[in-house]
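Residue numbers (our numbering), protein chains in the order written: chain S, 268 to 575; chain F, 2 to 291.
A quick write-up on the structure given underneath.
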Amino acid sequence: MVGEPMSIELDRIHFSYGQVKALNGVSLRIHGGAIGLLGPNGAGKSTLLKIMLGFLAPDQGSGKVLGYDIKSEQKLIRQAVGYMPEDECYIPGLDAVSFTAYLGELSGMPRQEAMKRAHEVLFYVGLGEARYRLVDTYSSGMRQRLKLAQALVHDPKLLFLDEPTSNLDPSGRQEILELIGEIASVRGISVLLSSHILSDIEAICDQVVILNRGEVAASGSLADLKMVNYRLYELKVKGELDGFRRELEAKACRLEETEDKIIKIFTPPDFDSMEIFRAAARHKLQVRQFVPSQTSLEELFARVVGVD
Amino acid sequence: MTTIREKGYHHWDGQFKENFRPSWPIMRAGIKLAFQRKKFKPLFAASFIPAFAYAAGIYISERLEDFKSMGSGLEKFLQINPAFFKSYLTLDFTYFMILLLMSVGGAGLIADDFRHKAIQLYFARPLEKKDYLLGKAGVVAFFVGCLTLLPALILFILKLLFSGSFRLLVEYPWLILSIILFSALVMLFFTAFVLLCSSLTNNRNQAIALMFSLYFLSSILSGVLFLIFRSPYALLLSLKVNLDQVAAGFFLVKPSHDLPWYLSFLVLLAFAAFSYFLVRKKVRSVEVIK
Numbered sequence: 268m269v270g271e272p273m274s275i276e277l278d279r280i281h282f283s284y285g286q287v288k289a290l291n292g293v294s295l296r297i298h299g300g301a302i303g304l305l306g307p308n309g310a311g312k313s314t315l316l317k318i319m320l321g322f323l324a325p326d327q328g329s330g331k332v333l334g335y336d337i338k339s340e341q342k343l344i345r346q347a348v349g350y351m352p353e354d355e356c357y358i359p360g361l362d363a364v365s366f367t368a369y370l371g372e373l374s375g376m377p378r379q380e381a382m383k384r385a386h387e388v389l390f391y392v393g394l395g396e397a398r399y400r401l402v403d404t405y406s407s408g409m410r411q412r413l414k415l416a417q418a419l420v421h422d423p424k425l426l427f428l429d430e431p432t433s434n435l436d437p438s439g440r441q442e443i444l445e446l447i448g449e450i451a452s453v454r455g456i457s458v459l460l461s462s463h464i465l466s467d468i469e470a471i472c473d474q475v476v477i478l479n480r481g482e483v484a485a486s487g488s489l490a491d492l493k494m495v496n497y498r499l500y501e502l503k504v505k506g507e508l509d510g511f512r513r514e515l516e517a518k519a520c521r522l523e524e525t526e527d528k529i530i531k532i533f534t535p536p537d538f539d540s541m542e543i544f545r546a547a548a549r550h551k552l553q554v555r556q557f558v559p560s561q562t563s564l565e566e567l568f569a570r571v572v573g574v575d
Numbered sequence: 002m003t004t005i006r007e008k009g010y011h012h013w014d015g016q017f018k019e020n021f022r023p024s025w026p027i028m029r030a031g032i033k034l035a036f037q038r039k040k041f042k043p044l045f046a047a048s049f050i051p052a053f054a055y056a057a058g059i060y061i062s063e064r065l066e067d068f069k070s071m072g073s074g075l076e077k078f079l080q081i082n083p084a085f086f087k088s089y090l091t092l093d094f095t096y097f098m099i100l101l102l103m104s105v106g107g108a109g110l111i112a113d114d115f116r117h118k119a120i121q122l123y124f125a126r127p128l129e130k131k132d133y134l135l136g137k138a139g140v141v142a143f144f145v146g147c148l149t150l151l152p153a154l155i156l157f158i159l160k161l162l163f164s165g166s167f168r169l170l171v172e173y174p175w176l177i178l179s180i181i182l183f184s185a186l187v188m189l190f191f192t193a194f195v196l197l198c199s200s201l202t203n204n205r206n207q208a209i210a211l212m213f214s215l216y217f218l219s220s221i222l223s224g225v226l227f228l229i230f231r232s233p234y235a236l237l238l239s240l241k242v243n244l245d246q247v248a249a250g251f252f253l254v255k256p257s258h259d260l261p262w263y264l265s266f267l268v269l270l271a272f273a274a275f276s277y278f279l280v281r282k283k284v285r286s287v288e289v290i291k
């Protein structure tokens, strides 16, 4: 990657909708691959995507997408980026192949090549047999695939996918995720995936950006973030838990008890795990099992965003 | 549904167009979609009936001796002069057919994009608002041009051919320019009118209702105000009267109403400008460009 422009490079981006601050000094440096964009509702994900596509001009800050300036080279960005919106959107009256070719043409592709390419991408997303059907007659799942096809038709270097698995049944969801995973890993197209379905992001992305209240709460490789932000231990204990819980929570740990009586302890990264044993001893708890555990993205998200 | 990946993904090795005009594919798609709609083709064909009647009139005007049996006064009625072209370009039937055609093929131009949230698909491409609006405007202008400019020019050429001389051109050297300019004004007016109605709602049926009611109510309202105040200026509210008045000015014919034609011209230009700003604002609110 050395020498290649960053896929996304943002420097202290601020944006407000009137009095409401949507983004507050967002800075990012992302090379490529599959990147998950996470955040609760109102965190600024969609605003950030719109700024990167040039739909919105930031109040302050600067940035580049694929080396193109987000303030002055929006057209070049949109030519190099594929965007799959969250909303169910289509142009009525067109069949899928005309629809996809039309949007390819609007990207600047020659007409005949756009048509040829439309056939290819429709087969790729699994709509090959239905490509001459009017898009008005498509099911929600088919329209979701169609949105992916139109985002791919001009062979973008970077894909912005906004909730790509919404409206899909479990098998359709799995197929789309596999497809996106392949696009990112094998086809060399960087993918920025905005989703509230954490398992989707965990399945595909090797990097995540977590936005919270218009700020980057965490960003980096998923594996590193899990390590850096907190550690997780799973315990089985015998005895009264209240005092033990209070002491550890006073030391910035978080305790959860599962249905099968396993205690999950999330500790700060620099927390000495021996403190857990000392606290247990002080509160006369018998530790019967102690396992350093794998953390999930859900746990990371909850921790970073500060929700249960 | 077929399974995914029947065919693999291949990178595209082509080149993007250098001097790329995105409004052109938008216009082409709009025209294609209009022709795909039910009843559009027969309506479009029926819209040319006056053109054929006027063409027949031009033919008869050059063969009056052969058509004497049709009655006297034919000569007076079939004088091919600027008034003849003015009457063709201000026919109520043609304007009604334009409205009818645009209700089928034009009302949804922007309304459908709003309804199906397609605006974001457009603006995720390297195009600007002016490209989008120009493409949509091109669709309306194409059909209005087909019913006004094109037949009027053909009628002019037919007159030259049937008469076998350039007398019309010599007597009225400015006539061809008047035909082009007035047709352009009619195209501009109807383009602004249709796009305005289409952008005010996300429901094409409402846009159709708006088109007909605005057009005809403007005439009814101006008529009522004229009866009340007895002032010809009340007629400036009527879109049709304004078109008639401007046509009289462009073709150097006595206007039907006691009003300076340039006032009507200004009213139509103001209407087009107002429509443009409103349409631009409506599209902006969806595009969310700050």
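Quick reminder that beta carbons are idealized off the backbone N, C-alpha and C, glycines included.
(request) Return the CA-CA distance between Ile-297 (chain S) and Lys-528 (chain S), expressed in angstroms with no decimal places. (result) Taking the first residue of the first sequence as position 1, residue 297 (chain S) is located at position 30. Taking the first residue of the first sequence as position 1, residue 528 (chain S) is located at position 261. Going from the Cα of Ile-297 (chain S) to the Cα of Lys-528 (chain S) covers about 41 Å.
(message) Let's see if you can read the secondary structure: which residues bound the alpha helix (DSSP H) around Thr-95 (chain F)?
(response) Here residue 95 (chain F) is taken as the residue at index 94 of the second sequence, counted from 1. First-last of the alpha helix (DSSP H) with Thr-95 (chain F): 93-106.
(request) Say whether chain S places a C-beta atom closer than 8 Å to the C-beta of Arg-126 (chain F). (result) Reading the second sequence from its first residue, position 125 is the one you call residue 126 (chain F). Closer than 8 Å to some Cβ of chain S, the Cβ of Arg-126 (chain F) qualifies, so yes.
(request) Pick out the complete alpha helix (DSSP H) segments inside the region 464-538 of chain S, 4 residues or longer, and give them in chain order. (result) 465-471, 489-496 and 509-517
(request) Report the rounded CA-to-CA distance for Pro-325 (chain S) versus Gly-311 (chain S), giving the unit in angstroms. (result) Here residue 325 (chain S) corresponds to residue number 58 of the first sequence, with the count starting at 1. Here residue 311 (chain S) corresponds to residue number 44 of the first sequence, with the count starting at 1. Distance between the alpha carbons of Pro-325 (chain S) and Gly-311 (chain S): 13 Å.
(request) Starting from Tyr-10 (chain F), follow the beta strand (DSSP E) in both directions and report where the run begins and ends. (result) The sequence position of residue 10 (chain F) within the second sequence is 9, counting from 1. It is not in any beta strand (DSSP E) - Tyr-10 (chain F) carries neither H nor E in the DSSP assignment.
(request) Please check the pair Gly-375 (chain S) and Phe-278 (chain F), which I expect to be a contact at CB under 8 Å, by giving their CB distance rounded to whole angstroms. (result) Residue mapping note: residue 375 (chain S) aligns to position 108 of the first sequence, counting from 1. Residue mapping note: residue 278 (chain F) aligns to position 277 of the second sequence, counting from 1. Actually they do not touch by this definition, with Cβ atoms about 29 Å apart.
(request) For Gly-306 (chain S), count neighbouring Cβ atoms within 10 angstroms of its own Cβ and tell me buried if that reaches 16, exposed if not. (result) One-based indexing of the first sequence puts residue 306 (chain S) at position 39. Gly-306 (chain S) comes out buried.
(message) Does the contact criterion of 3 or more C-beta pairs under 8 Å hold for the region 347-361 of chain S versus the region 394-406 of chain S?
(response) yes
(message) What residue range does the alpha helix (DSSP H) around Ile-426 (chain S) cover?
(response) Within the first sequence, the letter at position 159 stands for residue 426 (chain S). First, the residue type needs correcting, since residue 426 (chain S) is Leu and not Ile in the sequence shown. Looking at the DSSP string, Leu-426 (chain S) is not in any alpha helix (DSSP H); the run it does join, the beta strand (DSSP E), is 425-429.
(message) Suppose you measure from the CA of Ala-363 (chain S) to the CA of Gly-224 (chain F); what does that come to, to the nearest Å?
(response) As a position in the first sequence, residue 363 (chain S) is number 96, starting the count at 1. As a position in the second sequence, residue 224 (chain F) is number 223, starting the count at 1. Using only the alpha carbons, I get a separation of about 49 Å.
(message) Quick check on the DSSP output: what are the complete alpha helix (DSSP H) runs of length 4 or more inside the region 145-172 of chain F, in order along the chain?
(response) 150-164 and 168-172
(request) Measure the alpha-carbon distance for Glu-507 (chain S) versus Gly-330 (chain S) and round it to whole angstroms. (result) For the purposes of this step, residue 507 (chain S) is identified with residue 240 of the first sequence, where counting begins at 1. For the purposes of this step, residue 330 (chain S) is identified with residue 63 of the first sequence, where counting begins at 1. If I take the Cα positions, the gap works out to 54 Å.
(request) Give every residue of the same chain whose Cβ lies closer than 8 Å to the Cβ of Val-476 (chain S), excluding the five residues on either side of it in the sequence, and list them in chain order. (result) Locating residue 476 (chain S) in the first sequence gives position 209, where the first residue counts as 1. Cβ within range, chain order: Leu-295, Ile-297, Ile-302, Gly-303, Leu-304, Leu-305, Val-483, Ala-485 and Ser-486.
(request) Give the range of the alpha helix (DSSP H) segment to which Val-420 (chain S) is assigned. (result) As a working note, residue 420 (chain S) is residue 153 in the first sequence. Where Val-420 (chain S) is concerned, there is no enclosing alpha helix (DSSP H), given that its DSSP letter is neither H nor E.
(request) Please confirm whether Leu-169 (chain F) and Leu-156 (chain F) have their CB atoms less than 8 Å apart. (result) Walking along the second sequence from the start, residue 169 (chain F) turns up at place 168. Walking along the second sequence from the start, residue 156 (chain F) turns up at place 155. No, these two residues do not count as a Cβ contact at 8 Å.
(message) So, at 6 Å on beta carbons, what are the nonlocal neighbours of Leu-135 (chain F) in its own chain, with the 5 sequence-adjacent residues on each side left out?
(response) Against the second sequence, residue 135 (chain F) aligns to sequence position 134. Ser-24, listed in sequence order.
(request) Determine the chain B residues that contact Ala-30 (chain F) at a beta-carbon separation under 7 Å, and present them in chain order. (result) In summary, chain B is missing from the structure at hand, where the protein chains are S and F.
(message) Which residues in chain F have a C-beta closer than 7 Å to the C-beta of Tyr-350 (chain S)? List them in chain order.
(response) Taking the first residue of the first sequence as 1, we reach residue 350 (chain S) at position 83. The contacting residues are Ala-125.
(request) Report yes if the CB atom of Leu-237 (chain F) is closer than 8 Å to the CB atom of Val-268 (chain F), and no otherwise. (result) The residue labelled residue 237 (chain F) in the question sits at position 236 within the second sequence. The residue labelled residue 268 (chain F) in the question sits at position 267 within the second sequence. A contact, by the Cβ cut-off of 8 Å.
(request) Grab me the residues of Tyr-123 (chain F)'s own chain with a C-beta within less than 6 Å of its C-beta, minus the 5 sequence neighbours each way, in chain order. (result) By one-based count along the second sequence, residue 123 (chain F) stands at place 122. The residues are Tyr-133.
(request) Would you mind stating whether Gly-139 (chain F) and Met-188 (chain F) have Cβ atoms separated by less than 8 Å? (result) Residue 139 (chain F) sits at position 138 when you count from the first residue of the second sequence. Residue 188 (chain F) sits at position 187 when you count from the first residue of the second sequence. No; because the gap between Cβ atoms is not below 8 Å, this pair is not in contact.
(request) Pick helix, strand or coil for Tyr-123 (chain F), following the three-state DSSP scheme. (result) For the purposes of this step, residue 123 (chain F) is identified with residue 122 of the second sequence, where counting begins at 1. Here Tyr-123 (chain F) sits in helix by DSSP.
(message) Using CA atoms only, rank isn't needed, just tell me which of F:Ala-153, F:Ala-185, F:Asp-114 and F:Pro-256 is closest to Ala-52 (chain F).
(response) Taking the second sequence and counting its residues from 1, the one referred to as residue 52 (chain F) is at position 51. Measuring from the Cα of Ala-52 (chain F), the nearest candidate turns out to be F:Ala-153.
(message) Let's see if you can read the secondary structure: which residues bound the beta strand (DSSP E) around Gly-292 (chain S)?
(response) Along the first sequence, read from residue 1 onward, the residue named residue 292 (chain S) stands at position 25. Note, Gly-292 (chain S): beta strand (DSSP E), 287-297.
(message) Please report the straight-line C-alpha distance between His-258 (chain F) and Tyr-96 (chain F), rounded to a whole angstrom.
(response) On the second sequence, residue 258 (chain F) is found 257 positions in, with the first residue counted as 1. On the second sequence, residue 96 (chain F) is found 95 positions in, with the first residue counted as 1. Rounded to whole angstroms, His-258 (chain F) to Tyr-96 (chain F) spans 19 Å at the Cα level.
(request) Classify Tyr-405 (chain S) as buried or exposed, calling it buried when 16 or more other Cβ atoms lie within 10 Å of its own Cβ. (result) Within the first sequence, the letter at position 138 stands for residue 405 (chain S). Tyr-405 (chain S) should be labelled buried.
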